[in-house]
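I have placed the structure first, in the form of structure tokens, so that the comments after it can refer back to it.
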Amino acid sequence: MASSARNHHLVIILLLMLTCLITSCYGQEPESTFLLKFRSSLENTTSSLGNWNSSVQICNGNFSNWKGLICFNGKFIGLQLESMGLSGTLDIDTLSKLTSLRTISVMNNNFEGPFPDVKKIGGLRGVYLSNNRFSGELPDDAFAGMKSIRRIFMANNEFTGKIPTSLLGIPKLVELQLQDNKFDGSIPAFAQQDFQINVANNRLEGPIPSQLSSQSANSFAGNLGLCGKPMPACPPSKKKKGISIMAIILAAIGGLLIGAIIIFTLFLLHRQRKKPSQYEKSSVKNLNNKATDHNNYPKKEPDEYTRSEKGKLYFVRRDREKFDLEDLLRAPAEVLGSGSFGSSYKADLPIGKPIVVRRFRQMSNMGKEDFHEHMRRLGKLSHPNVLPLVAFYYRREEKLLVTDFVENGSLASHLHGPNQPSIGWPIRLKIIKGVARGLSYLYKELPTLTLPHGHLKSSNVLLDHNYEPLVADYALVPVINKDHAKQFMVAYKSPEYMQNERLTRKTDVWSLGILILELLTGRFPANYLKQGKGANADLAVWVNSVVREEWTGEVFDKDMNTNTNKYNCEGEMLKLLKIGMCCCEMDVGRRWDLREALDKIEELKESEEDYSSNYASQGEMYSSKVLLF
């Protein structure tokens, strides 16, 4: 009996211990509570984070039931709140209670204010804050104790002051992106292995640390005070000690001798006749000079492909039959046009479909490895409305990009070219929907680029035989020489760059807005031209003035109504006009983001018959110019 009583007491003790253990485990609030509290500190979350619900399990394997969260093996590990139009405050104190949190990404939103104190979350491996409006100086200990972090992206914000030296104490750091801010001072001497840095377009100065000399020069461009490899050499430092008279005399004699040698050399070079080029001519000389340009460019004699050094084509797609550079050079070719970046040719190969070869001479700032890496990244893109890159060829002096040939030409040729059939509203709506989808795909797949496209215009929208659009010439900003890009690329014609020399993730949205207005009005955007500066040349300003001052319907391209019942489509056309103007808003803060523009575009229909009864309830009386803007 005594033994039985002892066993009974032992069972009671074990049950009490188990109860205490369970109480201890469940006494801590669940992750959902902290996440919902964190969401409450954000703004504009209704549409983007509306499915966060404590009654719904967060993770299901590697899939998250809550939008914007990352799961792995049924465990919540990260926030991926990108391109959601969010603003407000990042509640780091609440996030620090999520012990499993490993990555935070709020790129491409509207957050502003000082740098969030992320060091409170010790286990972070990635912090992604690029393309917001964070500002101010970073404390020197901003990253103290963050031993696990590997990637830090803070590009395209308004950070100032010195680069924190606490970054030097992060042993696992492999990538740091600080470009397009206002950092000043010198670059710390990073010594991490396999480390990549980008500090372009800041206010940094002084010699680049020798540990970073093997980095791409593109990563340091736009800092007038930086010098040393891979940038130009630093000027020799001046000695404070006095210089002897003998040293001055010797220096003067040496200078005279060098000057005499230079003059003599120039004299010999002037007399020497220029030798003929040794470049082997390709069969491009067999081009049909009478061929018409399907993009309606002026006819020009094609330049010759050159082969001063042996190279090869690099294919970035597996679903294309490969061919050699020699095959390309021997193939019959037709000049398609000569744009701001170089010439374009159509080549008819004996295998497969025709291809287009684009020649670029303004891509000399990026090294071979970086160029190859960027092209391979573009080669992985696949979307029905994005023109695929097929192959590329690299030489220091010029590059070739190979793409598919699109038989129906460009949207520009159909809108502005002579003897072209008119495009009605249904086709134009189809085109702009496809362009918006393609641009949205680029935003998703290229989140680290400030300008996923950078050169969106009607001549870079190609149309297949069904008038399905394919966006071309995308993601070239990182490889085009900066001075050339500033002169010719569409993004650099935007209000934010013309006024403040600043580019944002909404700059491509501005380009989309101009494209919408061009498609609706049939007018060429004069602000794309080099001389197209000032209010009178801006298409958005013209549209706004017509709509506000005297609404007569003259804003729409008359050819758009061909074979279309005007009554059945004018309401939808007006909706798209409003979308275009909201995308062209000069104030970047008030300008729509791409997600909002895409959602509104997707709602548009070919006719308004199904919606005419709903206008009053929606408060969308689009026939009134007052309510339109």
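Mind the numbering: the sequence shown is residues -27 to -1, 1 to 602 in mature numbering (1 follows the signal peptide of the UniProt record, and there is no 0), read in order.
Even glycine gets a Cβ: it sits at the ideal position worked out from N, Cα and C.
- Task: Work out the CA separation of G352 and Y416 for me, nearest whole Å.
- Result: Against the sequence shown, residue 416 aligns to sequence position 443. Against the sequence shown, residue 352 aligns to sequence position 379. One C-alpha to the other measures close to 16 Å.
- Query: Looking only at DSSP bridge pairs, what is F36 linked to?
  - Reply: For the purposes of this step, residue 36 is taken as the residue at position 63 of the sequence shown. Looking at the DSSP assignment, F36 forms a beta bridge with N33.
- Rounded to whole angstroms, what's the CA-CA distance from P182 to A164? Just pull it up for me. If you number the sequence shown from 1, residue 182 lands on position 209. If you number the sequence shown from 1, residue 164 lands on position 191. Approximately 9 Å, taken between the alpha carbons.
- Task: Measuring alpha carbon to alpha carbon, tell me which of V375, R334 and Q335 ends up nearest K319.
- Result: For this step, residue 319 is matched to residue 346 along the sequence shown. When V375, R334 and Q335 are compared, the shortest CA-CA separation from K319 is found for V375.
- Taking C-alpha atoms, which residue in P357, V463 and E558 lies nearest to G407? Numbered from 1 along the sequence shown, position 434 holds the residue referred to as residue 407. Per the Cα distances, P357.
- Item | Alpha-carbon to alpha-carbon, V329 and Y287 | Taking the sequence shown and counting its residues from 1, one reaches residue 287 at position 314. Taking the sequence shown and counting its residues from 1, one reaches residue 329 at position 356. Cα to Cα, the separation comes out at about 15 Å.
- Task: Locate the alpha helix (DSSP H) running through F497, then write down its first and last residues.
- Result: On the sequence shown, residue 497 is found 524 positions in, with the first residue counted as 1. Per DSSP, F497 belongs to no alpha helix (DSSP H) and is neither H nor E.
- Message: Is the beta carbon of S139 closer than 8 Å to that of A162?
- Response: As a working note, residue 162 is residue 189 in the sequence shown. As a working note, residue 139 is residue 166 in the sequence shown. Going by C-beta atoms, A162 is not nearer than 8 Å to S139.
- Task: Please decide whether G51 counts as near chain C, where near means a Cβ-Cβ distance under 8 Å.
- Result: The structure shown contains no chain C; it holds only a single protein chain.
- Hey, which unbroken runs of the beta strand (DSSP E) at 3 residues or more fall wholly within the region 395 to 464? With a minimum length of 3 residues, the continuous beta strand (DSSP E) runs that stay inside the region 395 to 464 are 434 to 436 and 442 to 444.
- Message: Looking at the strands, I want to know which residues DSSP matches up with Q53.
- Response: Within the sequence shown, residue 53 is the residue found at index 80, counting from 1. Answer is S78.
- Where do the ends of the alpha helix (DSSP H) carrying P468 lie? Reading the sequence shown from its first residue, position 495 is the one you call residue 468. Looking at the DSSP string, the run of the alpha helix (DSSP H) that includes P468 is P468 to N473.
- Message: Which residue marks the beginning of the alpha helix (DSSP H) containing D64, and which one marks its end?
- Response: Residue mapping note: residue 64 aligns to position 91 of the sequence shown, counting from 1. From DSSP, D64 is part of no alpha helix (DSSP H); its letter is neither H nor E.
- Just how far apart, CA to CA, sit T72 and L9? Looking up residue 72 in the sequence shown gives position 99. Looking up residue 9 in the sequence shown gives position 36. Rounded to the nearest angstrom, the two C-alpha atoms are 16 Å apart.
- Query: Looking only at C-alpha atoms, which of I405, K573, N105 and T480 sits nearest to N83?
  - Reply: Locating residue 83 in the sequence shown gives position 110, counting from the first residue. Considering only alpha carbons, the answer is N105.
- Query: Per DSSP, which one or two residues make a beta bridge with H356?
  - Reply: Numbered from its first residue, the sequence shown carries residue 356 at position 383. H356 is bridged to V359.
- Task: Look at the alpha carbon of A559 and the alpha carbon of P468, and state the distance between them as a whole number of angstroms.
- Result: Reading the sequence shown from its first residue, position 586 is the one you call residue 559. Reading the sequence shown from its first residue, position 495 is the one you call residue 468. The sequence shown places Met at residue 559, rather than the Ala named in the question. Answer to the nearest angstrom: the Cα atoms are 6 Å apart.
- Query: Does the pairing of the region 378 to 389 with the region 331 to 349 give three or more beta-carbon distances under 8 Å?
  - Reply: no
- Query: At which residues does the beta strand (DSSP E) containing R176 begin and terminate?
  - Reply: The residue given as residue 176 occupies position 203 in the sequence shown. Segment R176 to P180, the beta strand (DSSP E) holding R176.
- For G390, name the three-state secondary structure that DSSP assigns. Residue numbering aside, residue 390 sits at position 417 when the sequence shown is read from its first letter. In the three-state DSSP reduction, G390 falls in the coil class, being neither helix nor strand.
- Message: Assuming the contact rule is C-beta atoms closer than 8 Å, E2 and L59 should be a hit. Round their C-beta distance to whole Å, please.
- Response: For this step, residue 2 is matched to residue 29 along the sequence shown. For this step, residue 59 is matched to residue 86 along the sequence shown. Incorrect: roughly 24 Å between the Cβ atoms, too far for contact.
- For S37, count neighbouring Cβ atoms within 10 angstroms of its own Cβ and tell me buried if that reaches 16, exposed if not. Within the sequence shown, the letter at position 64 stands for residue 37. Classification of S37: buried, given that the 10 Å Cβ count is 16 or more.
- Query: Below 8 Å between beta carbons: does that hold for S27 and S5?
  - Reply: Counted from its first residue, the sequence shown places residue 27 at position 54. Counted from its first residue, the sequence shown places residue 5 at position 32. A contact, by the Cβ cut-off of 8 Å.
- Query: Does the Cβ-Cβ distance between S78 and T421 come in under 8 Å?
  - Reply: Stepping through the sequence shown from its first residue, residue 78 is reached at position 105. Stepping through the sequence shown from its first residue, residue 421 is reached at position 448. In this structure, T421 does not lie closer than 8 Å to S78 by Cβ.
- Message: If you reduce the DSSP assignment to three classes, tell me which class T19 lands in.
- Response: One-based indexing of the sequence shown puts residue 19 at position 46. Of the three classes helix, strand and coil, the one that applies to T19 here is coil, per DSSP.
- From M119, D66 and S383, residue whose alpha carbon lies closest to that of residue 607: Residue 607 is absent from the model: the chain starts at -27 and stops at 602.
- Query: Buried or exposed: D292, going by 16 or more other Cβ atoms within 10 Å of its Cβ?
  - Reply: By 1-based counting over the sequence shown, the position of residue 292 is 319. Exposed is the call here.
- Query: Count the other CB atoms within 10 Å of the CB of T18; is the residue buried (16 or more) or exposed (fewer)?
  - Reply: Within the sequence shown, residue 18 is the residue found at index 45, counting from 1. Buried: at least 16 other Cβ atoms inside 10 Å.
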